[in-house]
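See structure below.
Number of protein chains: 2
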Amino acid sequence: MNLQPIAHIHSPFPEKFGVPRQSGLIEDLRAEVVFLPEFRVREAFRGLEGFSHLWLLWQFSQSPQGKWSPTVRPPRLGGNQRVGVFASRSPFRPNPLGLSCVALEAVNDQDPQGPKLLVRGADLVDGTPIFDVKPYLPQADCRPEATGGFAQDTPWAELQVEAPPALWETVPPETRQALAAVLAADPRPHYHKDPNRVYGMSFAGLEVKFTVDGPILRVQSIQKSS
Amino acid sequence: MNLQPIAHIHSPFPEKFGVPRQSGLIEDLRAEVVFLPEFRVREAFRGLEGFSHLWLLWQFSQSPQGKWSPTVRPPRLGGNQRVGVFASRSPFRPNPLGLSCVALEAVNDQDPQGPKLLVRGADLVDGTPIFDVKPYLPQADCRPEATGGFAQDTPWAELQVEAPPALWETVPPETRQALAAVLAADPRPHYHKDPNRVYGMSFAGLEVKFTVDGPILRVQSIQKSS
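Chains as they are written, first to last, in my numbering: chain A, 47 to 272; chain B, 47 to 272.
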C-alpha cells in the first residue's frame, strides 16, 4: 500500500537529539500539525475540537529505510538489553510507522495554512510526515487494566536542571518551560556517564550546551541557532 | 511511503457485517495474527508476552481505495449526522490505515506458522493485512484524563439475544459466547428499524439469520457455511 503524507509537524526539534522518548511525557512541548493544501478543508475537522487527545500516525523519517532488525535495544532498558522489535516502539521496524498520542490544544482555522492543529506532548522531529490523524477514543484506546511489560518497571530518571539565571533569561519566555522539561527528561542518547562530555541540543531555534554529572544537568551556554 | 503487509489476521468474520464497531468491545472474540514467512522470527517477539495489550496497524482493505470524504456519518451517531473524517475512525480516510487495541492472550511459537499471536477483542475482517504490531504502553497510550467528543455521550445499546436452545446447541461450544456477544452488540448496519427484516451474518463458519424487534434480537436459523 502506498501512503501519501497528509501533513507535517512543526516542532521545536530540528534533530532527533532531545526528542522525548515517548509521546505525552512532556506536556509543555507544543507543536503544530500543518496539512497539505489538499486537506485544508474545514469540514474534515468538524467535531475534532470535542476530543482532548489525538493519535498521530507518522513516518520514522529520521531512521534509515528498508532495514529492520529482529531485536532492538530500547533506551528505557539502558540501551544494552535486547528485546524483539515487535515488543518495542523502536523505529527500526519492517514498516517505519510511528504512533503517538498527543493532547489537542486547539484547532486553528484562522490561519491561511489552516486548519492547523496545535498539539502538546508530541515526540516528533520537525518536518516529520504525518499519514493520519485520528481522535483518541477513551472507550477503545484507554485500557486501565493494561500492563506494560519491561517498560513499566523502569521509570525514567528525572535530572535536576541548573542554569545561571542570566543565561536562562536569554530564552524566550514561551520556550522556557518546555526547554526545562526537555532537559529534565535527560536528552542524552542511551546511557552516557561521562560528566565532562558537553552535549549540544537544538531546540526552538536555540543551541543549548550542557553537561550532566550524576543527577545534575548544568546548562553551559544557550545561543541562537545560526 | 510504500507499506508491505507483515501479517494477516484470522478472524471469525469473513465479511464486514457484524465486525464490532470498535476494538475491545467484545473480549470474547478471539483472532490470530499470522505473520508472513519473512517475519516468523522468534527473536522479533522477545518480551512481547510481558505486555497485556497490543496495537495493530492495518489496512482498511474492505473499503474502496483512493476515495476519501471530508465528512462521514459515524454509526455511533445513528448514521445520519456528519462529522469530519479526522474526528472519526471511519475507513474512508486519505490513508486507509486502521488502528486497534487488542488484548494479547498468547504468543504461540509451537505452530509451524508461528510465532502467531492469539488476540482478543479485534475488530478486523478475516484476512485483513497488518502493517505493524506494537506493544501498548500504559504510560504513553492510556490517558485516563482524555475526553472523547461525541462518542462518549452515546453509549451502544445492547440487544437481548434470544434463540431456541436446540438451535443454540448446534453452535460449537468454543464459539457460543463470542457469537452471543457479537449479536448483543447489534451487528445491523447503521440504524435499521424494520422488525420483519431478516439479517444474515457469517461468523466462524456459520450462517446466522436473525430479526430485531426493538431491544430483542431473535435468532432464526444457524447453518454451516457452504
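A virtual CB, placed ideally from N, CA and C, is assigned to each residue, including glycine.
Counting of Cβ neighbours within 10 angstroms places V244/B among the exposed residues, the total staying below 16.
Taking the beta carbon of E89/B as reference, the chain A residues within 7 angstroms of it are P116, T117, G130, listed in sequence order.
Around the Cβ of G246/B, a 10 Å sphere holds fewer than 16 other Cβ atoms; the residue is exposed. Assigned with DSSP and collapsed to three states, Q223/B falls in helix. In the DSSP annotation of this structure, the continuous segment of the alpha helix (DSSP H) that includes D187/B starts and ends at 184-187. For a cut-off of 8 angstroms, the C-beta gap from V254/A to R234/A is around 13 angstroms, too long to register as a contact. Per DSSP, the continuous beta strand (DSSP E) segment holding L252/B begins and ends at 252-259.
Look at S57/B: its C-beta is not under 8 angstroms from any C-beta on chain A. Comparing alpha carbon positions, the residue from I176/A, T193/A, L94/A closest to T193/B is L94/A. Against chain B, the CB of Q156/A has no partner CB under 8 angstroms away; the residue lies outside that interface.
Residue G70/B holds the alpha-carbon nearest to the alpha-carbon of P184/A among P58/B, H56/B, G70/B, Q50/B.
According to the DSSP assignment, P210/B belongs to no alpha helix (DSSP H), since it is labelled neither H nor E. Following the DSSP letters along the chain, one finds Q269/A inside the beta strand (DSSP E) bounded by residues 262-270.
Among the residues of the segment 141-165 of chain B, those with a Cβ less than 7 angstroms away from any Cβ of chain A are N141, L143, L145, C147, in the order of the chain. Each of D232/A, V179/A, D172/A was checked against the Cα of S134/B, and the nearest Cα belongs to V179/A. DSSP lists H56/B, L164/B as the beta-bridge partner residues of E78/B. Shown here for A231/A: same chain residues with a beta carbon closer than 8 angstroms to its own, the five before and five after excluded, namely P66, R67, L71, I72, W202, E204, L205 in chain order.
Here the alpha carbon of K113/B sits roughly 7 angstroms from the alpha carbon of R139/B.
Straight across, the Cα-Cα distance linking K270/A with V171/A is about 19 angstroms. Around L143/B, the same chain offers L103, W104, Q105, F106, F177 as residues with beta carbons nearer than 8 angstroms, after the five sequence neighbours per side are excluded. For A152/A, the secondary structure class from DSSP, reduced to helix, strand or coil, is strand. Here the C-alpha atom of E89/B lies approximately 6 angstroms from the C-alpha atom of P116/A. In the three-state scheme derived from DSSP, where H, G and I count as helix and E and B as strand, G96/B is classed as helix.
When C-alpha distances from I268/B are compared across E61/B, D157/B, F249/B, the shortest belongs to F249/B. Contact residues of the segment 52-78 of chain A toward chain B are I52, Q68, S69, G70 (C-beta to C-beta distance below 7 angstroms). Scanning chain A for C-beta atoms nearer than 7 angstroms to the C-beta of W104/B yields nothing, as the closest lies near 10 angstroms away. Non-local beta-carbon contacts of Q159/A in its own chain, meaning distances under 6 angstroms to residues more than five positions away in sequence, involve V80 in chain order.
CA-CA distance, P60/A to L225/A, rounds to 14 angstroms.
Burial is judged here by how many other beta carbons sit within 10 angstroms of a residue's own beta carbon; E220/B has fewer than 16 and is exposed. Interface with chain B (8 angstroms Cβ-Cβ cutoff): H99/A is included.
For N48/B, the neighbours in chain A by C-beta distance under 7 angstroms run, in chain order, N48.
Between L163/B and E78/B, the C-beta spacing is below 8 angstroms.
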